[in-house]
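For the sequence shown, our numbering assigns the number 395 to the last residue and increments by one with no breaks.
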Amino acid sequence: MTDADRRTRWRPATVAVRSGPGEEPDTGAIVFPVFQTATFAQAEPGGSPPWCYARTGNPTRSALEEALAAVEGARHGLAFASGLAAATTVLLSLRAGDRVVAGADLYGGAWRLFTKVFAPLGIRFDFADTTDPAALAEALARPAALLWLESPSNPLLRVTDLAAAADLGRRAGALVLVDNTFATPVLQRPLALGADVVLHSTTKYLNGHGDVLGGALLCDDDGVHGRLRFLQNAAGAVPGPQDCFLVLRGLRTLELRVARQVAAAERVARFLDGHPGVARTWYPGLPSHPGHGLARRQMRGFGAMVSFDLRGGEAAARAVLRGLRLFTLAESLGGVRSLVCHPPTMTHASVEPEVRRERGIGDGLLRLSVGCEDPEDLLEDLAEALGEARP
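Set out below in structure tokens:
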């Protein structure tokens, strides 16, 4: 049996630890090194060397791209300077007059990129409740160039039937993209459910330590990969080798971290769901969540993001934020350290207030990224902060 054959049989935890090119061939180093160079010597002009210029390719970046593809179960991987750089690269493949259908509940940075950057260039964006099959079918009744999905979504953790949505998107002629940042490849494999492209902000769970920005696109189709790789090089939104090294290092513990975070998040969600100061808790692992059954079938765990709406509105939210000690007030998510954010004034501040209200993002909404601290300490921290904020 060859090494390649063995890799196809590896389970996800083994893939996370061992994905990528393995030992560096010249030295045998078991940790792939940082090739900190802007350019490479060439034997002759006009040739096609493996490496020529760091925007086009770098061995450390290639190692990361190989590892990302393996972890996501994809044939091809592309690394970018941020999640939004990856998103921008996909949108650069469109032309004026093309139509994009996207989920109504989505990352505020994506909303800003869609409506403030690409819409003025002549690309149309229609937003739909992708968790409602009828609403999504209506949105895709006319041809579309791109279907943009998040599941679970940001910040209300809505769950979309990815297989059904991908089928509808394909019938409409759309490239189907799934932002898998919240779920991670540990919990969900969109390509196996029919997606064409998977997007990650590698800043989040894949790196997992809050010390780097990065993004990724994963796909199986050679043609899609060729187009995206051309744009990656042409637009140049690529990560540096040190950033690639840090994401590659983070991948090694992905399975371990996510398992611990999910277990803690389930306890946090149950606690919040029964608290008198909380009007509603959004977490796919709660039986009361509208997408609970679908998440159970589609995912291998419910994730480590929890959102909740306080009865006292923004005043109560600010009081809770002042009382928290272990949940650090900060944007981002997916790291070993637990974070809390107030979407209306932070991650979704670029979304117009009337749109936020229409989509259920109230002023009392808080979003938790549950980290790797002891769950008992996290629950005590929340209890103390909520006790102070109780109406």
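For every residue, glycine included, the Cβ atom is placed at its ideal position computed from N, Cα and C.
Using a Cβ-Cβ distance cut-off of 8 Å, the region 132 to 152 and the region 173 to 183 are in contact, since at least three pairs of beta carbons, one from each stretch, lie closer than that value. Taking a C-beta distance under 8 Å as the contact criterion, A83 and V242 qualify as a contact pair.
Taking all protein chains shown into account, G218 has 16 or more neighbouring C-beta atoms within 10 Å of its C-beta and is therefore buried. In this chain, the beta strand (DSSP E) harbouring H204 covers 201 to 204.
Comparing alpha carbon positions, the residue from L153, D165, G240, R301 closest to Y57 is G240. For C345, the three-state secondary structure derived from DSSP is strand. In the displayed model, R193 falls within coil according to three-state DSSP, outside both helix and strand. Fewer than three pairs of CB atoms, one per stretch, sit closer than 8 Å, so the region 127 to 134 makes no contact with the region 257 to 276. In the same chain as E388, and ignoring 5 residues on each side of it, the C-beta atoms closer than 7 Å to its own belong to G327, in chain order. In chain order, V38, F39, Q40, N62, T64, R65 place their CB closer than 7 Å to the CB of P245, counting only its own chain and leaving out the 5 sequence neighbours on each side. When the alpha-carbon of Y209 is set against those of A141, G113, L343, V104, the nearest one is in L343. Here T185 is near S205, since their CB atoms are less than 8 Å apart. Under the three-state reduction of DSSP, D313 is assigned to strand. According to the DSSP assignment, H80 belongs to the beta strand (DSSP E) that extends over 80 to 84. In the assembly as shown, Q302 is a buried residue. Its beta-carbon has 16 or more other beta-carbons within 10 Å. If you ignore the 5 residues before and after A33, its C-beta comes within less than 8 Å of the C-beta of E27, all in its own chain and listed in chain order. Counted as a single uninterrupted DSSP element, the stretch harbouring C376 is not any beta strand (DSSP E), since DSSP gives it neither H nor E.
For L217, no beta strand (DSSP E) segment is defined, and its DSSP state is neither H nor E. For V21, same chain residues with a beta-carbon under 6 Å away, outside a window of 5 residues either side, are R256 in chain order. Out of G338, D200, F306, the CA that lies nearest to the CA of V228 is found in D200. Pairing P156 with L252, the inter-Cα distance amounts to about 24 Å. The region 302 to 313 makes contact with the region 286 to 293; the number of CB pairs closer than 8 Å reaches 3 or more. Per the DSSP secondary-structure output, T43 pairs in a beta bridge with Y57.
Secondary structure at F331: coil, using DSSP grouped into helix, strand and coil. Between W152 and V75, the CB-CB gap reaches or exceeds 8 Å. Counting the other Cβ atoms within 10 Å of the Cβ of V266 gives 16 or more, which makes it buried. Put simply, the region 106 to 116 touches the region 341 to 360. At least three CB pairs are less than 8 Å apart. The three-state secondary structure of D102, taken from DSSP, is coil.
The residue from G295, V94, E259 with its alpha-carbon nearest to that of R233 is V94.
Closest in C-alpha terms to L110, from the list I127, E142, H80, L161, comes L161.
Burial state of Q192 is buried, judged by a 10 Å Cβ sphere holding 16 or more other Cβ atoms. Of N211, M350, L250, the smallest CA-CA separation from V340 is found for N211. Of the residues assessed, V121 falls on the exposed side of the cut-off, its CB having fewer than 16 other CB atoms within 10 angstroms. Residue environment for S86: buried (at least 16 other C-beta atoms within 10 angstroms of its C-beta).
DSSP places D183 inside the beta strand (DSSP E), whose first and last residues are 179 to 183.
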